[in-house]
Structures are given as C-alpha cells and as structure tokens.
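Going letter by letter, the sequence shown gives residues 1143 to 1635 in this note's numbering.
Beneath this line is the structure, given in structure tokens, with notes to follow.
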Amino acid sequence: MSTQAIETRLFINGEFVQSIKGKRFPVTNPSNGEHVADVSEADQDDVDKAVQAASAAFPAWENTDRTFTAFTRSKILLKLADLVEANVPEFARLEALSMGRPVATYDDAIIATFIIRYAASAVHQISGKTSIQSPGTFSMSLKQPYGVTGAIIPWNRVNGLPVIMLATKASYCLAAGNTLVLKSSEKAPLTSCLFAKLTTEAGLPGGVFNLVHGFGLPCGNAIAARPNIRKISFTGSPGTGKLIARAAAESNFKNVTLELGGKNPIVVFDDADLDKAAKAAVTSGFFNAGQLCMASSRVLLQDTIKDQFMEAYLAHVDELASKQGDPLHAETLLGPQADEAQWSNITSIIDKGKKAGLNFVRGADQRPSPRNGCFINPAVVLEPSQDEPIVRNEVFGPVTAVNSFSTAEQALEMMNNSEYGLYASVFTKDVARALKFSKRVESGVVAINRTSPLLAFDLPFGGYKMSGSGREFGSEGLETWLETKTVIFDGPA
1143 MSTQAIETRL
1153 FINGEFVQSI
1163 KGKRFPVTNP
1173 SNGEHVADVS
1183 EADQDDVDKA
1193 VQAASAAFPA
1203 WENTDRTFTA
1213 FTRSKILLKL
1223 ADLVEANVPE
1233 FARLEALSMG
1243 RPVATYDDAI
1253 IATFIIRYAA
1263 SAVHQISGKT
1273 SIQSPGTFSM
1283 SLKQPYGVTG
1293 AIIPWNRVNG
1303 LPVIMLATKA
1313 SYCLAAGNTL
1323 VLKSSEKAPL
1333 TSCLFAKLTT
1343 EAGLPGGVFN
1353 LVHGFGLPCG
1363 NAIAARPNIR
1373 KISFTGSPGT
1383 GKLIARAAAE
1393 SNFKNVTLEL
1403 GGKNPIVVFD
1413 DADLDKAAKA
1423 AVTSGFFNAG
1433 QLCMASSRVL
1443 LQDTIKDQFM
1453 EAYLAHVDEL
1463 ASKQGDPLHA
1473 ETLLGPQADE
1483 AQWSNITSII
1493 DKGKKAGLNF
1503 VRGADQRPSP
1513 RNGCFINPAV
1523 VLEPSQDEPI
1533 VRNEVFGPVT
1543 AVNSFSTAEQ
1553 ALEMMNNSEY
1563 GLYASVFTKD
1573 VARALKFSKR
1583 VESGVVAINR
1593 TSPLLAFDLP
1603 FGGYKMSGSG
1613 REFGSEGLET
1623 WLETKTVIFD
1633 GPA
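Now the structure itself:
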C-alpha cells in the first residue's frame, strides 16, 4: 500500500470526510525531508461534528436499547486486533515515513494487538459489588460508561509509537461502553488513519470511534473544553497537560487521565551483571532516538564499578550509533528525531550544556543542520551536577546523564530527586535491596534487572508526581473509563 492509498481525512460517523474548512497540513519524512502526505486539519467545528456523531452512537453502543451486548463489543474488538495484526508491515512503514521509527525495531502494532485483545476479554469483567450491611435494604454498585469521551495521543513512544497509545485509549474506552473522539498527533497521524479504516472492517458502528487530526489549538483544546465530553485521556508534555486539566475544569470538570513523561533513573550496583545492565541502559536511553517518556536518561552507577561499566556502556553506544540511518532499511537501529523542531530543541540543549562546561564523553559533535535528515548522535554527559537542566528536565532525545554514588541511601536519594516519577530501574542481585527500592522509589513502575520499554500490559501503568495521574492498562486501565454508581434498594412494603 502506498502512502497515497492510505486515507488522510478525518474519520467521523464511520466515514472519511474532509475538514469543514478544507484545511490540510503536510507530513514530512524526518530522515530525508521529503513530503509524505497532506492531512486534513480539524478545528472546533469538526470536533463538534465528531461529538454529535459520538453522542448519537452512544445509546446503542452502551446497550441502553439492547443493541450491542458486552459479547458483541468483545467480538468486534477481537476482530479489530486480528486486522491490526494482518497490517503490521503497513503500520511499520507508515511510522518509518512519518516518524522515523526504524522498521527493524518495530513491534508496536503487535503489542497493540495484545492490548486490544486484553480489553476485549476485560469487557466480561465489568461488574459492581453488593451489600446487605444496611438494615432493610439491598445495596449494590454499578459500573457504567461516561458516554462521549475524548483522547489525545502523542507522536512519541510511550511503550510504542502512536499506534500503541491509540490502541490503548480506544480499546479500553470502547470496551467500557463509551464512544470516543480521538485527536491524533499532527506529527504522526498516518497510522491513526489506517486504524480508523480497520475499525469499520471490524464492524464497529459509525460514530463509536471518531478521529480528528490537528494541532493543540484549536483542535485539542476543543476536545478538552467541550461540555458534553465527560472524560478525557491525554498523553503528552506536562505543559500541555496543565492546559488540558485547566480546560477540563473550566468547562465541566470532566474526569482527566494524564500521562506526562519522565526523567527516569537506572541504578546499577556493584553486584549487578554489568554487561546486561550496560546493554539495557543503552537500549532504554536511546530507544526511538530517545523520544520515549520511559527512557532511562539518568544512569546512576556505584562508584566501585563506574570505570568498568562505562567501558561497556560506551561500546554499546558506539555500536548503536554505527547503525543510524534510513528507518526503512533493515539494518537501521537508530532513526532521526521526529521533525526539525524536535531536532532544534535537542541540539540547543546540547549546545547549552557544552557552553556550561559539561563533560560530553559522546555526542559533542552534532550535525550543523537537519537538511540531510533530523539525526542526532547519541550524547552522554559524565558527572553533571544534579541541578543541571540536562539532569532535571526531560530532554526527549538521545541524551543521557551518568553520575556515580557510594551508598544505597545516596542512590535512593538521587533517584527520587526529580519532579518526575514514571519508570525506574534497579540492577542488583541483592533481593532485599531490590525489595527495599521497589517500595521506596517514587515511581509508577519499578523494574528489577530489566528496564524500559518493558511493561506488563495486564498491570497498571502511570506516574507519580509530575508524571501524571490515573492509570492505563490492566483492570485499573478499564476502571479509568467507568463511573461508579451506588444503588440502594428498599423492596415493596
């Protein structure tokens, strides 16, 4: 399938349509600057149209009129997973063209099928509780969908590129009986278009899933501020997350789930398997060219193994850098940044670090311009101050900071010395130490002798502190899309 064959219009009420004003925006290949496609751009009027379609579709999808049972919803989602699986090569190609994701490392659509199938099975687990504790009454709780909901997905990898976040938000939302208006990322909308096409083939009724493309203003803001959208799930930056939360509060206090990134530590103790830890740290820190909210961008080493670890770590960094190139080539393992704006932001951070006198042991030599592709060489900073912006702030690129520590308490303090708390990793053979860190590290996910992008998709994922609120995946991920109602029943006298 060529890029010309994939739809780039909005998907509303089960049909692909042009935006009302007919505006379009370009998608460019970040590896070579070539034009890939022009995509329909939505504004508030298009969002209103999508919300109307979702509102009309909700009663039947929720089963208010007994049209779609939970079994029917599950069957459609399972069919959708099969279709996504059958189209894995095309998902991979579209992400390579629009995002620069190497096809050699692409497993996102396969992971998406796991997520959709889990959501399909979770449909049958939606239930409330009963109580006979109040004298003379029979009480129970019900789990019910919100109704029309909204979602905004990013272009980067959360544990995947857009298709994983798309599959997560859509499948859990629809499994719970809601209808959805979803905004794709303006940087990477093509896989969302393919996903929308597959929902129709799977038998999803018109209006249940609606897709709009566009920018934060006005499109994203219109979703967050729309009064009859009762819940929104957003993945992106903390700054945008604050705007989403504010718009949600000022409109109708809609329920908000936020996943807002991280500055994730990986700690390596002197009893760890050092080569395993070094490989894991490089994979996590530079996966998807560092454009990963779970990236292990802070590497903390026990001082007794610092030199030995760094030798292995830098060797793996160099090996990865040697495989940077065209994401469509099978041998490429490191692609470009998502676009020129992302390239400029990251190279500016590196330049500021160099001017501040930071010790770049890799990556001080960067390309002077993105004209031949938005590529950035992996950068490693050795022993920066814990107050340096490159340590405190999420760079969202192939930049890691390496520091050393002496004691376990010092390591724990350094791990928690961040406003973020999304993913943390500990490499040690000491089980007692591993359990202690699992409890005391301020992070939504703690991995022992493994690191990101590994996740358990049947368990909740989300962050502490500025990394967000709410959870995705697993049973808690389904609960996010449901409201709880208590019913107190006093039978006939």
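Where is the CB? At the ideal position from N, CA and C, for every residue including glycine.
- Contact annotation: Y1606 and N1406 have beta-carbon atoms that are not nearer than 8 angstroms.
- DSSP lists no beta-bridge partner residue for F1615.
- No residue range can be given for L1476, since it is assigned to no alpha helix (DSSP H) and is classified by DSSP as neither H nor E.
- Taken through DSSP and simplified to helix, strand or coil, H1355 comes out as coil.
- For the 8 angstroms CB-CB criterion, I1371 and V1169 do not form a contact.
- If you ignore the 5 residues before and after G1495, its C-beta comes within less than 6 angstroms of the C-beta of I1532, all in its own chain and listed in chain order.
- If you look at A1566, you'll find it in the beta strand (DSSP E) that goes 1565-1569.
- Runs of the beta strand (DSSP E) lying entirely within the stretch 1506-1594 and spanning at least 3 residues, in chain order: 1521-1524, 1541-1547, 1565-1569, 1587-1590.
- For E1453, the enclosing alpha helix (DSSP H) stretches over residues 1448-1463.
- Between A1202 and A1261, the CB-CB gap reaches or exceeds 8 angstroms.
- Of K1311, K1571, M1608, the smallest CA-CA separation from L1416 is found for K1571.
- In the three-state DSSP reduction, T1214 falls in the helix class (H, G or I).
- Taking G1477 as reference, the option from Q1484, Q1466, N1487, S1486 with the minimal CA-CA separation is Q1466.
- By the neighbour-count definition (other C-beta atoms within 10 Å, threshold 16), T1377 is a buried residue.
- The DSSP assignment places complete alpha helix (DSSP H) segments of no fewer than 4 residues inside the stretch 1209-1253 at 1212-1228, 1230-1241, in order along the chain.
- Contact between A1251 and F1233 holds, since their C-beta atoms are separated by about 4 angstroms, short of 8 angstroms.
- Around the CB of E1536, 16 or more other CB atoms lie within 10 Å, so the residue is classed as buried.
- Taking F1429 as reference, the option from T1549, A1463, E1555, A1454 with the minimal CA-CA separation is A1463.
- Around the Cβ of L1152, a 10 Å sphere holds 16 or more other Cβ atoms; the residue is buried.
- Burial of Q1433 is indicated by the presence of at least 16 other C-beta atoms within 10 angstroms of its C-beta.
- By the Cβ rule, the stretch 1338-1352 does not count as touching the stretch 1237-1244, because fewer than three pairs are nearer than 8 angstroms.
- In the three-state reduction of the DSSP assignment, G1362 falls in the helix class.
- In this structure, N1352 lies away from A1212, with their beta-carbon atoms at least 8 angstroms apart.
- The three-state reading of DSSP puts T1150 in coil, since its state is none of H, G, I, E or B.
- CA-CA distance, D1187 to N1320, rounds to 22 angstroms.
- The beta carbon of I1590 lies closer than 6 angstroms to those of V1568, A1576 in the same chain, with the five residues before and after it left out.
- Here the stretch 1275-1285 does not lie against the stretch 1502-1510, with fewer than 3 beta-carbon pairs under 8 angstroms apart.
- Proximity of the stretch 1390-1398 to the stretch 1356-1371 meets the contact definition, three or more beta-carbon pairs being nearer than 8 angstroms.
- The C-beta of I1258 has 16 or more other C-beta atoms within 10 Å across all chains shown, which makes the residue buried.
- At the C-beta level, P1287 and G1515 stay beyond 8 angstroms of one another.
- For L1500, the CB contacts under 6 angstroms within the same chain, skipping 5 residues up- and downstream, are V1523, P1526 in chain order.
- At a Cβ-Cβ threshold of 8 angstroms, T1622 and G1610 do not count as neighbours.
- If you ignore the 5 residues before and after G1349, its C-beta comes within less than 6 angstroms of the C-beta of N1155, A1195, A1196, A1198, A1199, all in its own chain and listed in chain order.
- Note that the C-beta distance between G1619 and Y1248 is not below 8 angstroms.
- Around the beta carbon of T1209, fewer than 16 other beta carbons lie within 10 angstroms, which makes this residue exposed.
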